[in-house]
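Have a look at the structure below, then the notes.
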Amino acid sequence: MHPLPIAILCLIVTQGIFHFIPSLVNSLLIKPSGILAAWFAGAVPSIKGNVIEFASLGLEVQVTEACSGTGFFSILLATIAYLLLLYRPSRYMVITMLLSVWPLAVIVNAARIVFSVASRRIAGFFLSPDYFPIVHQATGTLIFLTTLIALAFFINYLNRHGTRNNTIRA
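See the structure below:
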């Protein structure tokens, strides 16, 4: 059986869950990402709903549902499912990779928030405010694509070089 249908199913199911249970998005992705983004930026956050305020930096960042990381979480889960089914690693590797989806999604989304704010500040010197949405989108896309490519290389590396006994296959 080809792994692509299962990866697509993972994508559809997780997006459906996040769509019908918005409080899950807030508690699992928005708040942890905001707190971690504030820690990355060296600020103390004040989180009110989906607005993260960095008072010490004089910033107020609104993390909407579109920027909450749900899409990346779903794509990350689907990508990991696809790669794991393609390479067929050991059960230990499957469990480890699946458990790493949520922390990785939160960390990468927090990094995306910090880089988006920084790129907007830098772009403010060179571009008119009309271009800020493009800079925001490009920054997020670059962060997410870099993570997915690095993850694919990591899983491929583990598949080729194995673990201590030189194999990760079941």
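For the sequence shown, the residue numbers in numbering that gives the first Met the number 0 are 0 to 169. The beta carbon of each residue, even a glycine, is placed where N, CA and C say it ideally should be.
Kindly indicate which residue of the options has the alpha-carbon position closest to the one of residue i.
i	options	result
G70	Y156, F114, S127, I7	I7
S32	I112, F124, V134	I112
I74	P128, A42, S26, W101	W101
N108	R119, P2, F39	F39
L157	L82, L98, A77, P128	L82
S67	I148, P21, V43, R120	P21
Taking the alpha-carbon positions, what's the residue i to residue j distance?
i	j	result
T146	I79	12 angstroms
A104	I29	11 angstroms
L27	F125	36 angstroms
L150	Y130	30 angstroms
I94	L76	12 angstroms
N165	G15	Because the pLDDT of N165 is 46, which lies under 50, any placement of that residue in the model is unreliable, and the number read from its coordinates should be weighed accordingly. Approximately 39 angstroms between the Cα atoms of the pair.
Going by beta carbon distance, what residues of the same chain come within less than 7 angstroms of residue i, once the five residues before and after it are set aside?
i	result
S175	In the structure displayed, the chain extends from 0 to 169; residue 175 sits before or after that span and is not available.
F17	L23, V24, T69
L35	V105, I106, A109
Report yes if the C-beta distance between residue i and residue j is below 8 angstroms; otherwise report no.
i	j	result
I154	Y86	yes
A110	I142	yes
L98	I5	no
Go ahead and label residue i buried or exposed: buried means 16 or more other beta carbons lie within 10 angstroms of its beta carbon, across all protein chains shown.
i	result
I11	exposed
S45	exposed
A117	exposed
I133	exposed
R120	exposed
Using a Cβ-based criterion (distance less than 7 angstroms to any ligand heavy atom), does residue i qualify as near the ligand MG?
i	result
F17	Absence of the ligand MG from the depicted structure is noted, as is the absence of any ligand whatsoever, leaving it without description.
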